[in-house]
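Here's the structure, in structure tokens; my notes come after.
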């Protein structure tokens, strides 16, 4: 294990991958809001995170969402659901970024020789 | 797969919604393009949307077995074959031998609601693109 490849950084990287994949699917659902027959897609977060951590693509955990009311043309994209999920995913992504910055600043502190270090 | 792919998906939707708005405005513009010959009178046009696998994703996802994220594309523009509106107006320059004028099968109310829907969907996809943009910008703060 190298200095920059800590378990924390690796997990956060997978977490960001999953949040990004989810955001992509939400954008895809929104893009297809007027496509006849399109079914809402989402990720199983737990499976996607496990997949990302083992180096697989998070989309292996992709599934069509059940229980949504379909319109007569077969499309079941719900705008409110997608908007809320988009806000949620963005916040999750921000959390991941903030934690990752924290990890990096810890490393930097170690490189600098602690809070009272010589440089910066 | 990266966040720039999200922008591609939203962009595909913006293009599709824009084309839809263009078709709708063309219908509205021709709502009164009447004529004597029904075969030559303007008929309402309609776009058909279809989900479209995004380039890079499509190849990667075929192996994984999941459809992956999909953009949208205008698959076809079809002509509405419902009957034209026939009005008896013998004095009109566009009247046929029997005195009927044939008006396009365009219903302005229907077109206006369709146009509003296209505009709202356009705005929706703009906000999705902005969300992706702010996520990309956050990633850049890791470099600071």
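Residue numbers (our numbering), protein chains in the order written: chain F, 356 to 475; chain Z, 3 to 146. In this text, a Cβ means the ideal position worked out from N, Cα and C, and glycines have one as well.
Local Cβ density within 10 Å of residue 129 of chain Z, reported as buried at 16 or more and exposed below that: exposed
Does the count of Cβ pairs from the stretch 403 to 423 of chain F and the stretch 86 to 101 of chain Z closer than 8 Å reach three? no
Verify the CB distance criterion: does residue 127 of chain Z have a CB-CB separation below 9 Å to chain F? yes
Keeping to the same chain, check which residues put their C-beta closer than 8 Å to that of residue 374 of chain F; ignore five residues upstream and five downstream. 444, 447, 448 and 451
In three-state DSSP terms, what is residue 390 of chain F? coil
With 9 Å set as the bound, which would you pick, yes or no: does the beta-carbon of residue 143 of chain Z sit closer than that to a beta-carbon of chain F? yes
Whose C-alpha, out of F:366, F:430, F:400 and F:423, is nearest the C-alpha of residue 417 of chain F? F:400
Relative to the C-alpha of residue 372 of chain F, which candidate in F:425, F:423 and F:407 has its C-alpha closest? F:407
Residue 24 of chain Z: contacting residues in chain F (beta-carbon distance under 8 Å): In chain order: nothing, as chain F lies at least about 15 Å away.
Report the three-state DSSP secondary structure of residue 407 of chain F (helix, strand or coil). helix
Mind listing the chain F neighbours of residue 74 of chain Z? Cutoff is C-beta to C-beta under 8 Å, in chain order. 386, 387, 389 and 390
With 9 Å set as the bound, which would you pick, yes or no: does the beta-carbon of residue 119 of chain Z sit closer than that to a beta-carbon of chain F? yes
Quick check: residue 435 of chain F and residue 19 of chain Z, are their CB atoms within less than 9 Å of each other? no
Give the DSSP-derived three-state secondary structure of residue 70 of chain Z in the structure shown. coil
Taking 9 Å as the threshold (beta carbon to beta carbon), is residue 426 of chain F in contact with chain Z? no
Of all the residues that make up the stretch 448 to 462 of chain F, which are near chain Z by a beta-carbon distance shorter than 8 Å? 448, 449, 452, 455, 456 and 459
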